[in-house]
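Student: Have a look at this one.
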Amino acid sequence: MAGSRIVRAFRETSQENKVGCSIEEPGVRKRQKTESLHFSEQIGVAKPVREGNQGTESGSPVLAIPTLENRFQVDFRTLSVHHPQLQPWFVTGTDVYDFLEPEAVVAMSKALLLQFYSIDAVFLPGRLVPRVFNRVLYLNWLKRLLDDTGCSDICGLDIGTGHSLIYPMLGHSLYGWKFIATDIDPASLLVAAENIRVNHLSPLVSLVDRSATPDVLFLDIVASSRVTFTMCNPPFYATYEQLVGKYFLRKTHSMSIPLIKASYSELVHPDGGEVGFVTKMIAESVKSRSLVKWYTTLLGQFESVSQVLANLYTAGITNSTVSELSGSSSQSLGKTRRWIVAWSFGVDRPRIAAAQLKKLKGTGIDPAHLPVKTLETVKITTEMGIVQLGERVDLMLLGSVGYEMEIKDDEVLLSFNEGIWTRAYRRKMARLEADEIVKRQKLEDEMPWKYVFLIYLDPHDTLIVWWKRGDDTKIFNSFQGWLRKNFNDVTMCPK
518 MAGSRIVRAF RETSQENKVG CSIEEPGVRK RQKTESLHFS EQIGVAKPVR
568 EGNQGTESGS PVLAIPTLEN RFQVDFRTLS VHHPQLQPWF VTGTDVYDFL
618 EPEAVVAMSK ALLLQFYSID AVFLPGRLVP RVFNRVLYLN WLKRLLDDTG
668 CSDICGLDIG TGHSLIYPML GHSLYGWKFI ATDIDPASLL VAAENIRVNH
718 LSPLVSLVDR SATPDVLFLD IVASSRVTFT MCNPPFYATY EQLVGKYFLR
768 KTHSMSIPLI KASYSELVHP DGGEVGFVTK MIAESVKSRS LVKWYTTLLG
818 QFESVSQVLA NLYTAGITNS TVSELSGSSS QSLGKTRRWI VAWSFGVDRP
868 RIAAAQLKKL KGTGIDPAHL PVKTLETVKI TTEMGIVQLG ERVDLMLLGS
918 VGYEMEIKDD EVLLSFNEGI WTRAYRRKMA RLEADEIVKR QKLEDEMPWK
968 YVFLIYLDPH DTLIVWWKRG DDTKIFNSFQ GWLRKNFNDV TMCPK
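Numbering (the working numbering), first residue to last: 518 to 1012.
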């Protein structure tokens, strides 16, 4: 597109096989490359044919579906039988696929999308090509978050969808979600519209042109449309110099560096990089609040996590979570590290274990800014199954007003409006007249429960208490203490 700034990485043919990076603009001479850049990507090595990937009787090879459980491993040679356009990109005489070439990356991404997700992708030359399994990891994580917090009839908002429309297409293919997708680049929007047409996604996916209003991310959209979550993969860098510096290589051992093509706006956000972009998201979310169940974003630099969590704390947002994405394959994260931060103005809480937060402690992040732990292990020593535990809890709460218990084979769901197990509650109830208690109970029966706990056994037969709903950490801590005090003589029976 005329006037656009294109970032290109180009390969040297020197012995060290390094890459320089330049920005090309109309009428502007190319920058001189001074050092090498390392864009974090790997060469993909075709894995040996495994059980489940053997050829059929007719001789046509079968591919196992890549998942997080099998670490997104794909037999590239077998894939190339189904998609012959991949075959020229194997290094001669080897099973090594050359991810250093942009055209090879395009061919691989298209093949993976078509083979495993029935997506016929259209890409715009000169733009970033999505690494498919990176995107799948983000969507997998979102699915767990939405399941944990009881979301249904999902509609996502993809902020800065790009030419590939990758998140909406994968989100619909994987989970049947609907999407609204925005972008500020008219050329990218044209190709995104073609992806909708080719893959028959209208009206399940709709586009919003932000080129005239780039400073507004989503406020007007969520005010007029039902949106369950937002997602975003913002430009990582604030300046071109920061981009170059981040990947500056010291003169060490020889290494192969991939070529990268991207528009300037895909890599650089002049107003503070990814932190500036997410700060704008937080500011808008404070205005739209519960119009969206979950606001989420991807972060590419760990130092950004601390700043974003601090901004959430300053904004008074107390329901948040952060996770590091993990995966292992040449088409997933490999050695690259990515983080997701999500926040909500609702009271439904996802599973956040101590181990998840432990990774962030001692990293310079203020402990006060960390998300609140919502999973607690309760060590209790008399054999008792989960059903008997629920019955014992129900018996101990007998006479209390304002709670509901649902006991299943492997879990106990307890809902209430205040700390009904505490002495303070019993003293308060003792002061009420009988008719006042009846009125209070009737009123509470018509209201949604303020607090919900789920008690269950994990795969290792350890008792877990999950704080599923509520806005007061003290209530959660009090309930854990009550369980420990009254069940310290109990050993849970395995399932």
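Glycine included, C-beta positions come from ideal geometry on N, C-alpha and C.
Answer yes or no: do residue 882 and residue 823 have a C-beta to C-beta separation smaller than 7 angstroms?
Tutor: Locating residue 882 in the sequence shown gives position 365, where the first residue counts as 1. Locating residue 823 in the sequence shown gives position 306, where the first residue counts as 1. Taking 7 angstroms as the Cβ cut-off, residue 882 and residue 823 qualify as a contacting pair.
Student: Shortest alpha-carbon distance to residue 991 belongs to which of 968, 981, 979 and 1003?
Tutor: Within the sequence shown, the letter at position 474 stands for residue 991. For the residues 968, 981, 979 and 1003, the minimum Cα distance to residue 991 belongs to 968.
Student: How long is the line joining the alpha carbons of residue 648 and residue 716, rounded to whole angstroms?
Tutor: Against the sequence shown, residue 648 aligns to sequence position 131. Against the sequence shown, residue 716 aligns to sequence position 199. Whole-angstrom Cα-Cα distance: 19 angstroms.
Student: Please go through the same chain and pick out, in chain order, the residues whose beta-carbon is closer than 6 angstroms to the beta-carbon of residue 871, but skip the five residues on each side of it.
Tutor: On the sequence shown, position 354 is the one that residue 871 refers to. Answer for residue 871: 890, listed in chain order.
Student: Could you compute how far the alpha carbon of residue 885 sits from the alpha carbon of residue 835?
Tutor: Stepping through the sequence shown from its first residue, residue 885 is reached at position 368. Stepping through the sequence shown from its first residue, residue 835 is reached at position 318. Cα to Cα, residue 885 sits roughly 10 angstroms from residue 835.
Student: With distances taken from CA atoms, which of 903, 687, 755 and 939 is nearest residue 659?
Tutor: What you label residue 659 is simply residue 142 of the sequence shown in a count that begins at 1. With distances taken between Cα atoms, residue 659 lies closest to 687.
Student: What residue range does the beta strand (DSSP E) around residue 700 cover?
Tutor: The residue given as residue 700 occupies position 183 in the sequence shown. Residue 700 -> beta strand (DSSP E) spans 695-700.
Student: What is the residue span of the beta strand (DSSP E) that residue 746 lies within?
Tutor: As a first step, residue 746 must be located in the sequence shown, where it is residue number 229. Residue 746 -> beta strand (DSSP E) spans 744-749.
Student: When burial is assigned at 16 or more other CB atoms within 10 Å of the CB, is residue 825 buried or exposed?
Tutor: In the sequence shown, the residue the question calls residue 825 occupies position 308. It is buried - the Cβ of residue 825 has at least 16 other Cβ atoms within 10 Å.
Student: Is the beta carbon of residue 745 closer than 7 angstroms to that of residue 810?
Tutor: Position 293 of the sequence shown holds residue 810. Position 228 of the sequence shown holds residue 745. Closer than 7 angstroms, so yes.
Student: Let me know the secondary structure DSSP gives residue 836 once reduced to three states.
Tutor: Here residue 836 is taken as the residue at index 319 of the sequence shown, counted from 1. Here residue 836 sits in strand by DSSP.
Student: On a CA-only basis, which of 730, 752, 653 and 642 is nearest residue 589? Give me that one, please.
Tutor: Stepping through the sequence shown from its first residue, residue 589 is reached at position 72. With distances taken between Cα atoms, residue 589 lies closest to 653.
Student: So, under 8 angstroms CB-CB, residue 742 and residue 697 are touching, yes? Tell me the CB distance rounded to an integer number of Å.
Tutor: Here residue 742 corresponds to residue number 225 of the sequence shown, with the count starting at 1. Here residue 697 corresponds to residue number 180 of the sequence shown, with the count starting at 1. Confirmed, about 6 angstroms.
Student: Count the other CB atoms within 10 Å of the CB of residue 786; is the residue buried (16 or more) or exposed (fewer)?
Tutor: As a first step, residue 786 must be located in the sequence shown, where it is residue number 269. Taking all protein chains shown into account, residue 786 has 16 or more neighbouring C-beta atoms within 10 Å of its C-beta and is therefore buried.
Student: Which two residues bound the contiguous alpha helix (DSSP H) that contains residue 688?
Tutor: As a position in the sequence shown, residue 688 is number 171, starting the count at 1. Unbroken alpha helix (DSSP H) run through residue 688: 683-692.
Student: For the beta strand (DSSP E) containing residue 638, list its first residue and its last residue.
Tutor: Here residue 638 corresponds to residue number 121 of the sequence shown, with the count starting at 1. It is not in any beta strand (DSSP E) - residue 638 carries neither H nor E in the DSSP assignment.
Student: Put residue 827 into one of helix, strand or coil per three-state DSSP.
Tutor: In the sequence shown, counting from the first residue as 1, residue 827 sits at position 310. In this structure, residue 827 counts as helix in the three-state DSSP scheme.
Student: Please go through the same chain and pick out, in chain order, the residues whose beta-carbon is closer than 7 angstroms to the beta-carbon of residue 633, but skip the five residues on each side of it.
Tutor: Counting from 1 along the sequence shown, the entry for residue 633 is found at position 116. Closer than 7 angstroms at Cβ, skipping near neighbours: 582 and 583.
Student: Between which residues of its own chain and residue 663 is the CB-CB distance below 6 angstroms, once the five residues before and five after are set aside?
Tutor: In the sequence shown, residue 663 corresponds to position 146, counting from 1. Here the set comprises nothing.
Student: Any heavy atom of the ligand GTP closer than 6 angstroms to the Cβ of residue 819?
Tutor: Of ligands this structure carries none, so the ligand GTP is not represented either.
Student: So residue 877 is in the beta strand (DSSP E); what residue range does that whole segment cover?
Tutor: For this step, residue 877 is matched to residue 360 along the sequence shown. Looking at the DSSP string, residue 877 is not in any beta strand (DSSP E), and its letter there is neither H nor E.
Student: For the segment 811-820 against the segment 636-647, do three or more pairs of beta-carbon atoms, one drawn from each stretch, fall closer than 8 angstroms, so that the two count as touching?
Tutor: no
Student: What's the call for residue 772, buried or exposed, on a 16-neighbour Cβ count within 10 Å?
Tutor: As a working note, residue 772 is residue 255 in the sequence shown. Annotation note: pLDDT 49 at residue 772 (below 50); position unreliable, coordinate value reported separately. Result: exposed.
Student: Run through DSSP, which three-state label would residue 758 get?
Tutor: Translated into the one-based positions of the sequence shown, residue 758 becomes position 241. In the three-state reduction of the DSSP assignment, residue 758 falls in the helix class.
Student: Secondary structure at residue 993, three-state DSSP: helix, strand or coil?
Tutor: Residue 993 sits at position 476 when you count from the first residue of the sequence shown. Helix, per DSSP.
Student: By DSSP, does residue 814 sit in helix, in strand, or in coil?
Tutor: Mapped onto the sequence shown, residue 814 falls at position 297. It is a strand residue.
Student: Could you name the residues of the same chain whose beta carbon sits closer than 8 angstroms to that of residue 987, not counting the 5 residues immediately before and after it, in chain order?
Tutor: Here residue 987 corresponds to residue number 470 of the sequence shown, with the count starting at 1. Counting only Cβ-Cβ distances below 8 angstroms, and skipping sequence neighbours, we find 864, 866, 967, 968, 969 and 993.
Student: By DSSP's criteria, residue 974 is part of a beta bridge. Which residues make up the other side?
Tutor: Locating residue 974 in the sequence shown gives position 457, counting from the first residue. Note: residue 974 sits in a beta bridge opposite 980.
Student: With a 10 Å radius around its C-beta and 16 neighbouring C-beta atoms as the bar for buried, classify residue 512 as buried or exposed.
Tutor: Lying before the first or after the last residue shown, residue 512 is absent from the chain, which here runs from 518 to 1012.
Student: Within 10 Å of its beta-carbon, does residue 919 have 16 or more other beta-carbons around it, so buried, or fewer, so exposed?
Tutor: In the sequence shown, the residue the question calls residue 919 occupies position 402. Counting Cβ neighbours within 10 Å, residue 919 comes out buried, since at least 16 surround it.
Student: I think residue 645 touches residue 783, with their Cβ atoms under 8 angstroms apart; what is that distance to the nearest whole Å?
Tutor: Translated into the one-based positions of the sequence shown, residue 645 becomes position 128. Translated into the one-based positions of the sequence shown, residue 783 becomes position 266. With 8 angstroms as the limit, residue 645 and residue 783 qualify as a contact, their Cβ atoms being about 5 angstroms apart.
Student: What number of angstroms, rounded off, separates the C-alpha of residue 808 from the C-alpha of residue 591?
Tutor: For the purposes of this step, residue 808 is identified with residue 291 of the sequence shown, where counting begins at 1. For the purposes of this step, residue 591 is identified with residue 74 of the sequence shown, where counting begins at 1. Approximately 40 angstroms between the Cα atoms of the pair.
Student: Should residue 840 go down as buried or exposed, given a rule of 16 or more other Cβ atoms within 10 Å for buried?
Tutor: Numbered from 1 along the sequence shown, position 323 holds the residue referred to as residue 840. Burial of residue 840 is indicated by the presence of at least 16 other C-beta atoms within 10 angstroms of its C-beta.
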